[in-house]
Amino acid sequence: MKKVIFATGNQDKMGEIREILSDWEMEIQSMREAGMELDIVEDGKTFEENASIKAAAVAAQLTEEGVVVFADDSGLEVDYLDKEPGIYSARYLGEDTPYKIKNQQILKRLEGVPKEQRTARFVCAIAAADRSGEICVTRGTIEGYIGWEPCGANGFGYDPIFYLDEYNCSTAELPAEQKNQLSHRGKALRAMRKKLEELSI
Ligand code: ITT
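Counting in our numbering, the sequence shown runs from 5 upward without gaps.
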């Protein structure tokens, strides 16, 4: 393997991915950097299915040998909301709705709900595929709870309302390095790197 192309249009994700994999001697490009602009319909029923759909769509366009496509499908599961927004995290209340509003709405739906019922997790599935098809999929999760107010300016998306018990703060209050060490994305990406190394890809 000589290069990884990431099938994502999300710049925040891409920033975290680069930091998480920064000690890997591997060329890493976003789809855009690789000159691939694709509109992919994510119609899977699970994070794994959607990650596989995105990786396969981009891998089907590959012309070079030795290139592997990675895709990240991720989201927030809130137990009290029957695991909403889940795989619809990016589309919750509409794709273009600011996260400030999405986060406020989740806080509102949890008004009066005690801490022990506010459990939540971030989930990330990473799929890898090359020209001959899917190689494998990994999953990482991080457990936490939905706080009572948004806090912190780091991270992106739902980070300001997702709190960690051990740290007593939201993942938007953690320095990037610490979030990446603990996060769903960090765990899934490190597992993927290990798997590909084991498979000698
Ligand atoms: P691509 O499909 O192009 O990768 P996307 O933003 O549409 O980009 P997803 O379908 O995987 O990606 O949606 C993931 C959403 O879940 C993301 O937009 C955030 O709202 C949320 N999310 C995922 N990881 C997160 C994190 O680490 N911190 C905060 N929110 C996160």
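The beta carbon of each residue, even a glycine, is placed where N, CA and C say it ideally should be.
Could you check whether the Cβ of F209 sits closer than 7 Å to any heavy atom belonging to ligand 1?
The displayed coordinates of the chain run from 5 to 205. Any statement about residue 209 would go beyond what the structure contains.
Start-to-end residues for the beta strand (DSSP E) that takes in K87
Per DSSP, K87 belongs to no beta strand (DSSP E) and is neither H nor E.
First and last residue of the uninterrupted alpha helix (DSSP H) at D16
15-24
Segments of 3+ residues assigned as beta strand (DSSP E) that fall wholly inside the region 99-159:
123-134, 137-150
Taking the Cβ atom as the reference point for each residue, do I150 and L193 lie within a distance shorter than 8 Å?
no
E31 - containing beta strand (DSSP E), residue span:
31-34
Does the Cβ of I105 have 16 or more other Cβ atoms within 10 Å, making it buried, or fewer, making it exposed?
exposed
Along the chain, where does the beta strand (DSSP E) that runs through G70 open and close?
Careful: G70 lies outside any beta strand (DSSP E) and carries neither H nor E.
Pair within 8 Å by beta-carbon distance, T12 and M5
Judged by beta-carbon spacing, M5 lies beyond the 8 Å limit of T12, meaning their Cβ atoms are not closer than that value.
Beta-carbon contacts of I44 that lie in its chain and below 6 Å, excluding the five residues immediately before and after:
K58, A61
G90 to I21, Cα distance in whole Å?
Near 20 Å, if we compare the C-alpha coordinates of I21 and G90.
A124 vs F166 beta-carbon contact at 8 Å:
yes
For V127 versus G190, is the C-beta spacing smaller than 8 Å?
No. Outside cutoff.
Count the other CB atoms, across all protein chains shown, that sit within 10 Å of the CB of E177; report buried if there are 16 or more and exposed otherwise.
E177 is buried by the Cβ-count criterion.
Pick from D27, L186, G161, E181 that is closest to D100, judged by C-alpha positions
G161
Using a 10 Å radius around the Cβ and a threshold of 16 neighbouring Cβ atoms, would you call A55 buried or exposed?
buried
Return yes when at least one heavy atom of ligand 1 lies under 7 Å from the C-beta of T145, else no.
For ligand 1, not one heavy atom lies less than 7 Å from the Cβ of T145.
As assigned by DSSP and simplified to three states, the class of L200
helix
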